[in-house]
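Asker: Protein chains in written order, with my numbering: chain Y, 737 to 1035; chain V, 127 to 454; chain X, 12 to 328.
The beta-carbon is built from N, C-alpha and C at its ideal position, and this holds for glycine as well.
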Amino acid sequence: MEYLQNRIASWKEKHFSEISDAKEITHAIKKSPLTMLGFSIIMALIFVAILAPSIAPYDPIAMSLSNRLAPPSMSHLLGTDELGRDILSRIIYGTGVALKIMIIVLLIDLPLGLFLGIIAGYFGGWIDEIIMRMADIFMAFPRLILAMAIGAALGPSLVNTMIAIAITMWPTYARLARGETLSIKERAFIEAEKALGTSKAKILFSSILPLCSSTTIIRATLDMGDVIRIAAGMSFLGLGAQPPTPEWGLMVSTGRSFLVNQWWVPTFPGFAILLAVLGFNLLGDGIRDISDPHLRRGE
Amino acid sequence: MSEVLLEIKDLVINFYTYRGVVKAINGVNLKINKGEFFGLVGETGCGKSVTGSAILNLVQNPGKIEKGEILFKGEDILSMNEDDIRERIRGKEITMIMQHPIAALNPVMKNGDQIAEALNKKMGEGEARKRSIEMLKEVNIPEPERVAKQYPHQLSGGMAQRVMIAMMLSTEPSLLIADEPTTSLDVSIQAQVLKLLEDLIKKHKASVLVITHDLSIVAETCDRVGVMYAGDMVEIGKVDQTIYNPKHPYTVGLMKAIPSDYGKELVGIKGNVPDLVNPPSGCRFHPRCDYAMDICKEEKPKTIQVEADHTVACFLYEGGGSERPHTA
Amino acid sequence: MKDLIRLEDIKKHFPWKKRKYVKAVDGISLFINKRDILGLVGESGSGKTTLGRVTLRLIDPTSGAIFFEGADITHIKIEKEIELRRKMQIVFQDPYSSLHPRKKIKDIIGSGLKTHHLVRKENELLEKVEEFLNFVGMGKEHLYRYPHELSGGQRQRVAIARALIVNPIFVVLDEPTSSLDVSVQAEVLNLLKRLRENLDLTYLLITHDLSLARFFTEKIAVMYLGKIMEYGNTEAIFKNPLHPYTKALLSVTPKLDPKKRTKKIILKGEIPSPIDPPLGCRFHTRCIEKVGSICEEESPQSKEMEDGHFAACHLSS
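1) Let me know the secondary structure DSSP gives MET249 (chain V) once reduced to three states.
2) Give me the chain V residues within the contact set of PRO265 (chain X), using Cβ-Cβ distance strictly less than 9 Å, ordered along the chain.
3) Using only the alpha-carbon positions, how far apart do GLY891 (chain Y) and TRP862 (chain Y) sit?
4) DSSP three-state label for HIS339 (chain V), please.
5) For ALA1008 (chain Y), is the classification buried or exposed, using 16 other Cβ atoms within 10 angstroms of its Cβ as the cut-off for buried?
6) Is there a Cβ of chain Y sitting closer than 7 Å to that of TYR155 (chain X), yes or no?
7) What residues from the segment 943-960 of chain Y come within 8 Å of chain X, judged by C-beta to C-beta, listed N to C?
8) Which residues in chain V sit within 7 Å of LYS275 (chain X), going by Cβ to Cβ distance?
9) Residues in the segment 914-925 of chain Y with C-beta within 9 Å of chain X's C-beta atoms, listed in sequence order?
10) Report all residues from its chain with a CB closer than 8 Å to the CB of GLN276 (chain V); omit the five preceding and five following residues, and keep chain order.
11) Select from the segment 96-125 of chain X all residues with a C-beta closer than 7 Å to any C-beta belonging to chain Y, and list them in chain order.
12) Okay, do the segment 100-116 of chain X and the segment 190-204 of chain X touch, 3+ Cβ pairs below 8 Å being the bar?
13) When you compare the CB of ILE93 (chain X) with every CB in chain Y, is at least one pair closer than 7 Å?
14) Could you give the distance in angstroms between the alpha-carbon of LEU311 (chain V) and the alpha-carbon of MET293 (chain V)?
15) Which first and last residues belong to the alpha helix (DSSP H) in which ALA286 (chain V) is found?
16) First and last residue of the alpha helix (DSSP H) that includes TRP999 (chain Y)?
17) With DSSP run on the structure shown, which of helix, strand or coil describes HIS153 (chain X)?
18) Is LEU290 (chain X) close to chain Y? Criterion is C-beta to C-beta, closer than 7 Å.
19) Name the chain X residues whose beta carbon is nearer than 9 Å to that of SER282 (chain V)?
20) Strictly below 8 Å CB to CB, what residues from chain V border ASP192 (chain X)?
21) Is it the case that the Cβ atoms of HIS374 (chain V) and VAL365 (chain V) are separated by a distance below 7 Å?
22) Can you tell me whether TYR455 (chain V) is buried or exposed? The criterion is at least 16 other CB atoms within 10 Å of its CB, across all chains shown.
23) So, for LEU210 (chain X): in the same chain, excluding its five sequence neighbours on each side, which residues have a beta-carbon less than 7 Å away from its beta-carbon?
24) Looking at C-beta atoms only, is the number of pairs between the segment 22-32 of chain X and the segment 206-220 of chain X that lie closer than 8 Å three or more?
25) What is the DSSP secondary structure of TYR443 (chain V), counted as helix, strand or coil?
26) Around the Cβ of LYS29 (chain X), are there at least 16 other Cβ atoms within 10 angstroms (buried) or fewer (exposed)?
27) Go to SER74 (chain X), then tell me how far its beta strand (DSSP E) extends in each direction, as first and last residue.
28) Taking only three categories from DSSP, how would you classify LEU848 (chain Y)?
29) Smallest Cα separation from PRO400 (chain V): which of V:ALA274, V:GLU306, V:THR338 and V:ALA356?
30) On the criterion of 16 or more Cβ atoms from any shown chain inside 10 Å, does HIS436 (chain V) qualify as buried, or is it exposed?
31) At a Cβ threshold of 7 Å, is LEU69 (chain X) touching chain Y?
32) Indicate whether at least one CB of chain C lies closer than 7 Å to the CB of LYS748 (chain Y).
33) Beta-carbon of GLY394 (chain V) versus every beta-carbon of chain X: anything under 7 Å?
34) At which residues does the beta strand (DSSP E) containing LEU770 (chain Y) begin and terminate?
35) In this structure, how does DSSP classify THR218 (chain X) when only helix, strand and coil are distinguished?
36) Would you mind stating whether PRO808 (chain Y) and TRP1000 (chain Y) have Cβ atoms separated by less than 7 Å?
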C-alpha cells in the first residue's frame, strides 16, 4: 500500500507542471459555457457512437417495406425512411460513421501536413518552393469540387471519400506548420540546440514539432465541422458512402425528394449534421481562445 | 525651502488577475519638489512604472487604485474628473516619455504634426507648425524641417526619443515623467539624450521624475532618489546621502551588486523578488534581509527620518538598533 | 603561448535587398589564449554578437579563417565534427527565449549529454543533471519544471548548466546578464567566475556594459561598426584609453562613484549603418580628435602602442 502511495506521490511530483496546467485548462473550459456546450456535444457524440449497438432500438439496415415513410411515433421516434428503416437507429449508427471519417482524415492529414510544412519552413530553398507550389495548386480549387474530382477519380466509396477529403485539406496544415516553423526556427532555443550539436532531425522532431502541433490541432478541430459537411456533400452527390451505409449525408441525399410530404426523412439527419458541426466549432473556438493566453504565458 | 510640486500620499494599488489579487503598491509616499530631478529606482516588479502611471491616473484594467491621494500643486488628481485631467493635466501640465519611443509615437502621423497636435489647443495651426520646428531645433535634431515631414519609423531610437522630448516639453509642463527613457538606447546615444534632458529642463524650469532600474544613471543625473522594493518605498533622500550612505538593507544590497572595479567582489541579494499575490508578511523584504528581526516578519515598518531629507522604512532605525548595514 | 582561438581577417557580410550588404564584421583578427577572459565591447551595429557567433561557427564567415586549438575549422563540416560542438559552447542573452518552453528542465540540461553520448542510461543522465543543477545553485525540485515556472535568474542558470554539462573548453557569453535585475546579475556573474576556476574555462564575454567588462574581463577588444578600435588588457584600457571612441565610451558610462567620473565626451550624431559604413576610419564622422583628411580616406591599421595594447587610429602614428 505504501509502495503504491509512494509511486503516486513521485508521479505527481514529476508531473506537477502538467497537472497544474491541466487543472488550469479544465477551469478555463468550465468558465466558458459555449465551450462546455461544444465539449458536451462532442462527448455525447462519442458515447453514442461507442454505445450504438446497445442504444439503437432497431437494426439500421433492416428494411420493412410495409412500414415505409412512417411519421415519428412511439415505436419509431424519428419515423422511418423510404425503405422502412428506423431513422433514429440510422442516425445513431451514422454517428460512428461520421466520427470514423473524421479520425481517418485527421490521421492522414495531420502527420502529412505537419511533416511537409515543417521541412518546408526549416530548410527553405527548393524544398520550400516545391511544397508550397503544390499546396497552392491544391488550394486553388474549392474544397468540395476538388474532393468531388478526386472522389470521382478514385471511385465512389466511403474510404475513397476520406482519402479525397484528406487530400484537399493537407495544404492548410502544411501552411500553418510552415508559418510556425519560420518563426520558431529563429528563436534562441533552436540556436542553442545547434550549438549543442543536436542533429537536424532531432531539432525538427523534438523541438519544432511540439510547438507547431497545438495550432495545427486546434485548426483541425475547427475544420472537423467542414469535414462532416463535405463528406455529407459527397454522399449527397453519390460519391461518398454507398447505400445501405447509414451516413448522414447520404440520408439527406436519398431523403430529399420526400422533403415536402415526409419532412422527417431528410430533416433529422440534417439536424445531426448541424449538431456535430456546431459542437466542433464551439469546442474549437473555445480551445483556441483558452490556448492563446496560455501559450503566450508559457512562452 | 523648496516648494512641493507633487505629493503622493498612502497610495495603494491592486491588480485583479486570474491568479489572484496582486498587491502591487502597498502604501507609497513621495514628494517631488519644484525644479528637481527625482529618481525612482527599483528592480522588476517593484511598482515604479505603475506609480508613474498612477500620477496621470492611467492605471489600466485589471489595476485599480484602492486608496491614496496624488496632490499636484495642491489638487488631488485622483479625485478630478476624467475630462478635467485630459484638459489640463495629461500632455499639458504633466507629460511622459517612455522606454520605446518609436513605438510610443503614432506610426501614421508625420513627426511634425504629432508635436503640433499637442499645441493646437493653445494656438492656431500655422503657429503650432512653426513652434514644432522650433522644438525640433531645440532638441538638436539636424534638418528639423525634413524630419518634421518624416514618419516615426524613419527615425533612429535616439532621434525618436528626442522627438518625444520635443513633444512633451512643447506644452511647458511642470512635471515630466521619464519612464526608462534611455534603457533601449546605446550608451553613447544615452549620454546625448540625458544631457539634452538636463539642459532643457533647466531652461523650461520643469521637474523630472526619472523612473529606472539603473542606479548609476540616477547617481549622475538626479537630485533626490526614492528606492522601491515589491511595492514599498523603502528609502528616500538626497542622492548624495542615499547612494553614498544607504541605510536600508535593500539599498545597501543594490550598491554591493553593481559591478565597477575588476576583482571587487559582487554580492548578490539572496532569494527572489516575491510574488505579490502572496507577499511576505510584515516587511516585504524580510525573507531576503541579512538583518531581519522577529518584528520584521510581523509588522510593516514605518517610515523614519534618519537625517535631514533622508527617510527609511526599516525597523533597524527605530529606537537605535545596534547592527546597521554598510557598504564597506 | 599557444592560442586556443585565432581569428584571421574575419569578414561577415549579410546580403541585404538588392546587391547591398550589411557589413556586420569587416576584417577582424583576434586571438584568445587558454584561460583568458576576453571582452568584446561595443554598441549596436558593432558586430560583436555576429563575431561571437562566427567564432563558434554558428554563422559561417564570408571570408577569413578561424583556428581552434591550432586547427583550421573554417570550412570543416560541423555535423561530422560533433566533438567541436562539445568543446565550444554559448550562453545566450535572453533567458526567456533560450529555453524551449515545452521541455522540462531535466531534458533541456540533459540534451547535450544525449547528443554527445556522455551517459549511457537514464539514471546516469538524471544524476549528472542534478549534479550540475546543484553546481549552479539550484535543486532537484527544479528537474521536472518548465521554464515559465522559473525566474529570469534561474533560467539563466539553467542555460549555463546546459552549456557546461558537456564539458566545453571555451564558452561564449552573449550579454549573459543584461536581461536580469542587478541583484540577480551579481549572483550569475559570481557563478560564472567560480565555474571558470573550477572547470578551467576560457570565456569570450560580449557586452555593451563597460562597467561589467571592467569587473569581469582580463582583456578587452572595443568594437565599432565591424572593426576593432582598441585592444589590450582591461586595466590598461581603463587607465589609459588610446582610441577617441574608447575615451568617449568610458566617459559617458554612468558611474555610481563620483570620484570615477570624468568630463563627458558626448559624441555627436548617430551610429552609422553597417550597410554604408563611412570610408576611411569608420569612426571619423563622430570623432572629435580627427587628425585631418587622412581619417576620411584611409582606414587606420592596428598598431601596438604599449606592451600588448593596440589602437587603430591615425592619431597614434
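Answerer: Once the coordinates are examined:
1) coil
2) VAL313, GLN316, ALA317, LEU320, ASP340, LEU341, SER342, ILE343, VAL344, ALA345, GLU346 and THR347
3) 34 Å
4) coil
5) buried
6) yes
7) SER943, PRO946 and LEU947
8) ALA317
9) ARG923, ALA924 and PHE925
10) LYS236 and ASN237
11) ARG96, ARG97, GLN100, ILE101, PHE103, ASP105, SER108, SER109, LEU110, HIS111, PRO112, ARG113, SER122 and GLY123
12) yes
13) yes
14) 19 Å
15) 283-295
16) Where TRP999 (chain Y) is concerned, there is no enclosing alpha helix (DSSP H), given that its DSSP letter is neither H nor E.
17) helix
18) no
19) GLU281 and ILE282
20) GLU169, THR170, HIS339 and VAL399
21) no
22) The displayed coordinates of chain V run from 127 to 454. Any statement about residue 455 (chain V) would go beyond what the structure contains.
23) LEU175
24) no
25) helix
26) exposed
27) 74-79
28) helix
29) V:ALA356
30) buried
31) yes
32) The chain labelled as chain C is not found among the protein chains of the depicted structure, namely Y, V and X.
33) yes
34) From DSSP, LEU770 (chain Y) is part of no beta strand (DSSP E) but of the alpha helix (DSSP H) over 769-791.
35) strand
36) yes
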